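Working notes for the structure below.
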Amino acid sequence: MQEESLDPIFLSVVIPMLDEAGNVAPLLRETITALEGYSPVGKAFEIICVDDGSRDATAAEIGATRREDSRVRLVRHARRLGMSAAIRNGVRRARADWILTLDGDGQNDPADASRLLDIAWREGRERKILVGGLRARRRDTLGKRLASRCANAVRRAMLRDKCSDTGCSLKVFPRQSYLDLPFFSGLHRFMPALMAHYGNEIVFVPVNDRPRRHGVTKSDFAGRAVMGLFDLLGVVWLIRRTPAAGRGRECY
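Laid out in structure tokens, this is it:
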């Protein structure tokens, strides 16, 4: 087992997971390899896996990897709380000033993280910016792609956030910028619009999208559409009723 380092941690990786047995070990190995090969981070990172009430061997597989590398940490929910809560609880426990989020199913490619970090850090690590991935070639089912495209079009028209893919979990942002946002259960789908409203720059980068190795998607398209509409109306109200903190320059 790798011993915990007393050196500063530059990056905290937060990965929400729900019933991802079989995907855990390959994803964590890839993430560790990708970050150790990226010189601005090296070994100065941690990976916080948030098990959102899994009923399979997800937690056990995370624990097995942690026994090999103590930079891997496990946060467990007794019951399913949803992706936004999983991200929130991971970020709250993070020790670094910068956060990288990845999806737990392995469809995000950890090798893309270095490009997002290069953009986020090219003007220094005090920058207020969110760098988000845009999945250029979606590897999901046709139904999921069509549902996502429709939801993104409606959200983009109402919020004017110019983001065609808020569902991509691959994002880099300052921990404090995230914690400054108002929290609600659908926050992860509205981060670009809210980050911009609260004074952060927003940059989108095309990234790789891969097929799921094991398990099935957890998305409930009908339920998500209904709740997503209510969330969208709430975010529109929130932005209109909250003074902007100085909108950041948007780069695409």
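The sequence shown begins at 650 in my numbering and counts up by one.
Where is the CB? At the ideal position from N, CA and C, for every residue including glycine.
Just so you know, these numbers come straight off a predicted model, no measurement behind them.
- DSSP places D761 within a helical segment (H, G or I) once states are collapsed to three.
- In the three-state reduction of the DSSP assignment, D814 falls in the coil class.
- Under DSSP, W747 takes part in a beta bridge, and its partners are P823.
- Under the 8 Å Cβ criterion, the region 757–770 does not count as touching the region 837–847, having fewer than three qualifying pairs.
- With 16 or more other Cβ atoms inside 10 Å of its own Cβ, L819 counts as buried.
- Taking each of R889, I888, G782 and T707 in turn and checking the Cα distance to L751, the smallest one comes out for G782.
- The three-state secondary structure of S661, taken from DSSP, is strand.
- Of P675, I697, R722 and D746, the smallest CA-CA separation from K777 is found for D746.
- Residue range V673 to E685 is occupied by the alpha helix (DSSP H) that includes V673, with no beta strand (DSSP E) assigned at that position.
- In the three-state reduction of the DSSP assignment, D718 falls in the strand class.
- When DSSP reads this structure, H863 sits in no beta bridge, so it has no partner.
- Excluding five sequence positions before and after P657, the CB atoms of its chain that fall closer than 7 Å to its own CB belong to A693, given in chain order.
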